[in-house]
Amino acid sequence: MSSFVSGYIHDLSAVKDNVRLRVRILSTWMQPLFKTPEVINMEMIVIDEQASNAVTLQRYSLGEIQPKFRIVANPLRLSILSNTDCAECLDFTGSKHGFVFRPFKSIVELKKEEDGQFDVIGRVIACEDLDNYDKNGRAGKKKPLTLIDAEGTELRCTLWGVYAQQFSDFLNKCSDHGKIIVVVQLAMTKIWDGNVAYIFNLHISL
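Under this note's numbering, the sequence shown has 937 at position 33, and the numbering climbs by one with no breaks.
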């Protein structure tokens, strides 16, 4: 067995899994497998110190993934095994939140979808009512918003699920709707009705 060496996420490959990673867990969620929904995976996104509460990982497996929606640009999935070592990292020096803010202009000018995620910050200038929809027998919630950034560029986006409900509850509780600043983390682009729409989010802060 090869010895472990300290490195970064970009050092990983499908044939090189002896890199000891120091990462911070950015997001976690539970995801049932598509063909075997009784099996639940814990999915997570991690960032290392170079990507700008951390753990050290070693003894894991790597494999290429082809998801319908690629959350991050990296094509490899890191899987935690029964013998994976996970220890608290007390001297992590990377970014606390891992924000990668993107100008609205670079989003609204897109002609096709892009893989990967990004973050945006903007002021809410318009929003529609909470939509409790039922599509193909599956119920859901969405909240369309319009944001404006510091350069004056407007961006249409849609919050889904619990984040749509969270924002709607915030509006109901907050009496002052004059200036509401929204930070949406881990967002994605998606073609919708022939236009590129920024619609998918994992985290939202008000």
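Note that beta-carbon positions come from the ideal geometry of N, C-alpha and C, so glycine has one too.
| query | Name the DSSP bridge partner or partners of Leu-1046? | reply | Working through the sequence shown from its first residue, we reach residue 1046 at position 142. The sequence given here places Lys at residue 1046; Leu does not occur at that position. According to DSSP, Lys-1046 bridges with Asp-1035, Trp-1064.
| query | Terminal residues of the continuous alpha helix (DSSP H) containing Phe-1008? | reply | If you number the sequence shown from 1, residue 1008 lands on position 104. Its alpha helix (DSSP H) spans residues 1008 to 1012.
| said: Suppose contacts are defined by Cβ-Cβ distances below 8 Å. Is Cys-1031 in contact with Leu-1059 by that definition? | reply: If you number the sequence shown from 1, residue 1031 lands on position 127. If you number the sequence shown from 1, residue 1059 lands on position 155. Contact flag unset, no.
| message | Are the CB atoms of Ile-1084 and Val-1028 within a distance shorter than 8 Å? | response | In the sequence shown, residue 1028 corresponds to position 124, counting from 1. In the sequence shown, residue 1084 corresponds to position 180, counting from 1. For Val-1028 and Ile-1084, yes; Cβs fall inside 8 Å.
| field | Supposed contact pair Ile-944 and Pro-936 - C-beta distance, whole angstroms, cut 8 Å | value | Looking up residue 936 in the sequence shown gives position 32. Looking up residue 944 in the sequence shown gives position 40. Going by Cβ atoms, the distance from Pro-936 to Ile-944 rounds to 5 Å, so yes, they are a contact pair.
| query | Thinking C-beta only, is Asn-1036 closer than 8 Å to Lys-1047? | reply | The sequence position of residue 1047 within the sequence shown is 143, counting from 1. The sequence position of residue 1036 within the sequence shown is 132, counting from 1. No, the pair does not count as a contact, with Cβ atoms beyond the cut-off.
| field | C-alpha gap between Phe-1071 and Asn-922, whole angstroms | value | Here residue 1071 refers to the residue found at position 167 of the sequence shown. Here residue 922 refers to the residue found at position 18 of the sequence shown. Going by the C-alpha atoms only, they are around 43 Å apart.
| With 16 other Cβ atoms within 10 Å as the buried cut-off, status of Cys-1078 | Along the sequence shown, read from residue 1 onward, the residue named residue 1078 stands at position 174. The residue is exposed, with fewer than 16 neighbouring Cβ atoms inside 10 Å.
| request: Check Ser-1072 in the structure and name its three-state DSSP category. | output: One-based indexing of the sequence shown puts residue 1072 at position 168. If DSSP states are grouped into helix, strand and coil, Ser-1072 belongs with the helices.
| request: Count the other CB atoms, across all protein chains shown, that sit within 10 Å of the CB of Phe-1008; report buried if there are 16 or more and exposed otherwise. | output: The count along the sequence shown starts at 1 and reaches residue 1008 at position 104. It counts as buried.
| request: Quick one: residues in its chain with C-beta nearer than 8 Å to the C-beta of Glu-1055, no 5 flanking neighbours on either side, listed in chain order? | output: One-based indexing of the sequence shown puts residue 1055 at position 151. Counting only Cβ-Cβ distances below 8 Å, and skipping sequence neighbours, we find Pro-1007, Phe-1008, Lys-1009.
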